[in-house]
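Following: one structure in structure tokens, then a few remarks.
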Amino acid sequence: MNVLKVSGWVIAAFVLPCLLLYVCLVFIPILVSIYSGMLDWNGIGASKFIGFANYTKMFTNDSVFWPALGRTFLLAGFSMLVQVPIALFVAILISRYVRRPNFLVSSYFLPVILSVVVIGQLWKTIYNPASMGGMINQILIGLGLDSLTHSWLTEPKVAIFAVILVSLWQYLGYHILIQFTGIQNIPADIYEAAKIDGADGFKADRYITLPMIVPIFKISVVLAFIGSLQSFDLIMVMTGGGPAHATDVISSHMYNMSFLSMKYGYGSAIATFLVFVCLLATVIINFLFNRLDKRYS
Amino acid sequence: MSQSVITPAAKPVIAKRLRGYSIKKTIVFILFGILLVTQLYPLLWLLIYSLKTNEEILSGSFFAFPAIWQWENYTNAVAGGKYWSYLSNSLLVTSITMVGVIFLSSLAAFAITRFRWKYGQAVMLVFLLGMMIPMQGTLLPLMVIFKNVGILNTHLSLILPYIAFQTPIAVFILSGFMKTIPHEIEESAIMDGAGVFRIFRSMILPVSIPPIMTVCILTFINIWNEYILAATFISSEKLKTLPFGVYSFVSQYSVNYGAIGAFLVLGALPVIVIYFLLAEKITKGMVAGAVKG
Amino acid sequence: MTRRSRMLGAVMAGVLALSLAACGSGSSNSGDTTTKPADTTTTTDNGNSNSNEKITITFQNIYPDTTDPKNKMLHKIVDQYQKDHPNITIELDSLNTDQQKLKLKTQAASKEVPDITIVNPAAQMQPFIDADLFAPLNEMIEQNGLKDTFQQGILDYYTFNGNVYALPDGNNIGVVYYNKSLFEKAGVKVPTTFEEMVDAVKQLKAKGVTPMAIGEKDSWTGSFLFMNVLLRTNGGPGFLKEVVDGKKTFEDPAFKEAVDAFESLIQAGAFQDGVTSFDYNAGENLFKTGKAAMYYMGSWATGGIETSEAGKDNNVGVFKFPTVNGKGNPDEFMLAPGSAFAVSKDSKHLKETLDFLNYFMLNYPKETFAAKGAVGIAQTVDGDFKAAGYSDMAMDVLKLFKEVKGGDLAFDNTMNPGTAQAHLSSIQNLFVAKKDASEVAKEHQTAYEENK
């Protein structure tokens, strides 16, 4: 029960500056974007109000939209179901086996703070064909697995996975950090008590760590989901959405429409859709985790 | 009494654990090692890259070292790239943003979590919603707003949106932490007759230093590399930030890759240095309950 | 605890002071540019503002690299002008091409166009013209005879409704550069027909040499090459114009023939692996480091290739794009009028800006010539190129210029952005998948109709 009972003015003084700035610079532009989504507008000239025509076009007459949406969810799925669990696994190992974990955790975090330009460039050279010094293909050939070599960033079926891998790699450290601190938060006496009862090592993890880490895990999952939905820089740097839309995701499609094809109204419609998907998904994830929480507690 | 019960049973357990431990431990440490290499490799690669010539980079044998270490890439980067000007602009914008974020979001988080107030949760939700919004989507509307207010081509046109976009997650983290502060602190302060702001300043804020550090670092990392808003709202050479300097090297028909590499290293250096210095504080900050959600 | 809060207070005070300073310096800038409009309407001035009013002109350009000769030339002219006119400051906003395009669009949306900016010719300029953002330059180019320095007809690409709206920094043609030593190594001769070129590709490939380089991540490069093929199969220029006029559609046999020919080149293995992840610079560098035998590009690449490893000792030559299936005239080239300087209609210092641009363009040929970047500028240059040290290859390119008998503009300079994007994507796709020519034609026609 909150203790401080204060007058409306005091509340306003505390909350309003932050809220106001935020609403003005984040919400209002979004509202403007929603409105722009209902215009036929190239961004610099006159505009025409066309109601929901952009949205209908988006859902029924845009050959890039649905695959792009699919790829966005593919990326999100990998982040949530592969990256975060691996991060959890690593975090558990670190907290169990390493006495001075800070160095390790900090180092794993490094790719997160590097600029996307660096990461994009680096991985482009890794993915290069063997003749141009691409590391992966060179290693494969060296192992005699020539048939497995691919043109990683340009074969339409493979390219998106190549990009997804880079994204997973970059943010792994981020989730490791989050999960690791979550584990540190679990009071040591619980483990002591369990040890006395004979539950040790991985058994302890199953009955103690996992259930207690669910809230943190949820945060990671939500962050991973939102992050992958908005993921944009990396794709633009590595493939530009190509070849021929093979790696386009919702945000890059929006960018191309708004700024390259000069269909700003249409691009705004896509952006609005993106925001709603994020909202919906967060609610769903929250709901699922609450069910999980109830089961475990 | 319980001790004497445990000790005889402990011996075989410990012995078994030690043996299994060493094999498992080796495997685990190898795993850690591999992970470490993959995560740190970019920095090493970047350093080598920044010391090569354009041709060496492009003919790129992946593991090759440069023939001669091109330190001049660095001098080109600093001189031609106006490094110090960009660096100081980036520092200025980022630090003001950080202070702004902490100031505003700690006030808001405090109000949401400690006041007796109907709308606290609603406001929280409003902030959470904002986390979903991608910055690029707001480029055009913000441009129009800033133009009408007349702050285009000033640092303010960057600082304000940066603060605005960072506040949701800052409020989230800070309120998560503040929820866990026991109410006794406030109760005793009220009994001593302290005003609300005094309570905030002298009691809650100092205790919240760990999550504040976390927010600091997250903000720094997010803002330091931000490029799109910086390129669009700023036109004057003397106001441009660091990510800009990098892209400035890519001219119309040729690319000075080596100097770009050098510039990237110089640009990443401040972040890395600050990060490693404060790494402990971040972990402590998050452990201290920032991530309790 | 109190010590901490005191420190916090001190830090905040300090930062607050800094931020006020930042706002202050920012607002003093905007203060400069809001000088009284009365100054800009005096038409009898010769470029010297009669008051000692400090004026700032924003000059947005695409020469950010300080090692680029164009950058040096830019600074030289700007510095000289500022010296001659001490009350005028020219603020340079140098961006790379893509950034500048994006930024201009964002600025246009809020009517914040810089005093001088860069636009691409014809269809790419159209949206800005429709939104009435640029000032007509007809009067200004009459001053000091600027108009006559430009090559015949080049200004047409920047003229709408009888008004000239921009002045180009270059005029280039599409040519094929080739590496002489690699050709010799594979025993290949310079092809005069497209079929010979495909054969040459096969021969080069057999000898382990990448036949052609291209930077197809930047899809305009592939489009440029494709349009040259179309120029031939159509028997002459004007295909796109006829589509716009409704006389032809994309399903015309000439178009399908071009697609087939283009695909045969790709299928013969002409291009490097992973071609769609190489951006323009990476593609060009493949040729410049001697890793590819041929490179189709606009003549602006001459400067860079000259000084590269492949270009040393006159090892690189040029040839005209050959005939396709016996059709087309090799003296017809892909024309690439350069990016051009335009002036904002709402500029607060219209007169001073126009005067400066006049000065700039007058000095442009001279300074570019001196900086060895004069192959492919849009104005006539007085000077003995050979004596000035231009390479043999540059001389070859210059000779080609004299043989131009007409040609076409690139697709994205002729069609609106929506159609252009669809086309670029379609062509890029051909590099990774084989498609039926009639499918490609249909794609184009659908996109064209959707975006009309």
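Sequence order for the protein chains is A, B and C. Going by the numbering used here, the first residue of the first sequence is number 1, and it counts up by one from there. Going by the numbering used here, the first residue of the second sequence is number 298, and it counts up by one from there. Going by the numbering used here, the first residue of the third sequence is number 591, and it counts up by one from there. Positions of the beta carbon are idealized from the N, C-alpha and C atoms, including for glycine. Being a predicted model, the structure only gives us computed values, none of them experimental.
Residue i vs residue j beta-carbon contact at 7 Å
i: Ala491 (chain B); j: Phe14 (chain A); result: no
i: Ala1037 (chain C); j: Ala1012 (chain C); result: yes
i: Leu122 (chain A); j: Trp342 (chain B); result: yes
i: Asn445 (chain B); j: Ile531 (chain B); result: no
i: Lys660 (chain C); j: Gly901 (chain C); result: no
i: Asn753 (chain C); j: Asn728 (chain C); result: yes
i: Ile939 (chain C); j: Ile645 (chain C); result: The sequence shown places His at residue 939 (chain C), not Ile. In contact: His939 (chain C) and Ile645 (chain C) (Cβ atoms closer than 7 Å).
i: Gly120 (chain A); j: Met238 (chain A); result: yes
i: Asp705 (chain C); j: Ser937 (chain C); result: yes
i: Val709 (chain C); j: Ala932 (chain C); result: yes
i: Ile895 (chain C); j: Val906 (chain C); result: yes
i: Ile226 (chain A); j: Ile430 (chain B); result: no
i: Ser867 (chain C); j: Leu140 (chain A); result: no
i: Tyr55 (chain A); j: Ala194 (chain A); result: no
i: Ile680 (chain C); j: Ile652 (chain C); result: no
i: Thr410 (chain B); j: Met475 (chain B); result: yes
Proximal residues of chain B, C-beta to C-beta of residue i below 7 Å
i: Pro29 (chain A); result: Thr435, Pro438 and Leu439
i: Leu682 (chain C); result: Glu534
i: Thr892 (chain C); result: Under the 7 Å cutoff, chain B gives no residues; its nearest Cβ is about 10 Å from Thr892 (chain C).
Chain A residues whose Cβ lies nearer than 7 Å to that of residue i
i: Gln418 (chain B); result: Result: empty, since nearest Cβ-Cβ is about 11 Å, beyond 7 Å.
i: Val493 (chain B); result: Leu4, Val6 and Val10
i: Pro717 (chain C); result: Asn42, Ile44, Gly45 and Met262
i: Thr866 (chain C); result: Thr154, Gly242 and Pro243
Extent of the continuous beta strand (DSSP E) run through residue i
i: Val420 (chain B); result: Segment Gly417 to Gly427 is the alpha helix (DSSP H) holding Val420 (chain B); no beta strand (DSSP E) there.
i: Lys48 (chain A); result: Ser47 to Phe49
i: Met887 (chain C); result: Ala882 to Gly888
i: Ala932 (chain C); result: Ala930 to Val933
Backbone CA spacing between residue i and residue j [nearest angstrom]
i: Ala756 (chain C); j: Thr707 (chain C); result: 9 Å
i: Ser615 (chain C); j: Ser387 (chain B); result: Annotation note: pLDDT 30 at Ser615 (chain C) (below 50); position unreliable, coordinate value reported separately. Whole-angstrom Cα-Cα distance: 16 Å.
i: Ile719 (chain C); j: Phe750 (chain C); result: 8 Å
i: Met663 (chain C); j: Phe950 (chain C); result: 10 Å
i: Ser813 (chain C); j: Ile763 (chain C); result: 14 Å
i: Ala960 (chain C); j: Asp863 (chain C); result: 39 Å
i: Pro503 (chain B); j: Phe78 (chain A); result: 40 Å
i: Asn640 (chain C); j: Glu942 (chain C); result: Because Asn640 (chain C) sits at a pLDDT of 48, beneath the cut-off of 50, its placement in the model cannot be relied upon, and the point is left open.
i: Leu110 (chain A); j: Gly873 (chain C); result: 31 Å
i: Val84 (chain A); j: Leu280 (chain A); result: 21 Å
i: Val116 (chain A); j: Leu234 (chain A); result: 6 Å
i: Pro17 (chain A); j: Ala188 (chain A); result: 41 Å
i: Gly242 (chain A); j: Ser63 (chain A); result: 14 Å
i: Val865 (chain C); j: Tyr383 (chain B); result: 35 Å
i: Pro339 (chain B); j: Lys807 (chain C); result: 23 Å
Residue range of the alpha helix (DSSP H) that includes residue i
i: Gln793 (chain C); result: Phe784 to Ala796
i: Thr1009 (chain C); result: Pro1007 to Leu1020
i: Pro67 (chain A); result: Phe65 to Phe78
Within chain B, partners of residue i - CB distance below 9 Å
i: Pro704 (chain C); result: Ser532
i: Glu774 (chain C); result: The contacting residues do not exist; Glu774 (chain C) stays about 21 Å from chain B at best.
i: Thr1036 (chain C); result: Ordered by position in chain B, no residue passes the 9 Å Cβ test against Thr1036 (chain C), which lies about 28 Å from the chain.
Chain A contact residues for residue i, given Cβ-Cβ distances below 8 Å
i: Lys322 (chain B); result: Tyr97
Cross-chain neighbours of residue i in chain C, by beta carbon under 9 Å
i: Ala528 (chain B); result: Leu685, Gln689, Leu692 and Lys693
Contacts of residue i in chain A (Cβ-Cβ under 9 Å)
i: Pro1007 (chain C); result: Asn42, Leu260, Ser261, Met262 and Lys263
i: Tyr380 (chain B); result: None at all; the shortest Cβ gap to chain A is about 15 Å.
Within chain C, partners of residue i - CB distance below 8 Å
i: Lys444 (chain B); result: Ser700, Lys701 and Glu702
heavy atom of the ligand NAP below 6 Å from residue i C-beta
i: Leu337 (chain B); result: As far as ligands go, the structure on display features none, and thus does not contain the ligand NAP.
Neighbour list for residue i in chain C, Cβ cutoff strictly below 7 Å
i: Leu449 (chain B); result: Glu702
Within chain B, partners of residue i - CB distance below 8 Å
i: Thr648 (chain C); result: Ser532
Is the region 258–266 of chain A close to the region 50–62 of chain A, with three or more CB pairs under 8 Å? Put simply, the region 258–266 of chain A touches the region 50–62 of chain A. At least three CB pairs are less than 8 Å apart.
Any 3 or more C-beta pairs closer than 8 Å across the region 62–75 of chain A and the region 140–159 of chain A: Not touching, per the Cβ criterion.
Pair every Cβ in the region 274–285 of chain A with every Cβ in the region 213–222 of chain A, then say whether three or more of these pairs are closer than 8 Å. Touching, yes, given that three or more Cβ pairs across the two stretches are closer than 8 Å.
Decide yes or no for the touch test of the region 815–825 of chain C against the region 914–924 of chain C: beta carbon pairs closer than 8 Å, at least 3 of them. With the rule of 3 Cβ pairs closer than 8 Å, the region 815–825 of chain C counts as touching the region 914–924 of chain C.
State whether the region 775–793 of chain C contacts the region 973–992 of chain C, with contact taken as three or more CB pairs (one from each stretch) at a distance under 8 Å. Two segments are said to touch when three or more pairs of C-beta atoms, one from each, lie closer than 8 Å; by this definition the region 775–793 of chain C does not touch the region 973–992 of chain C.
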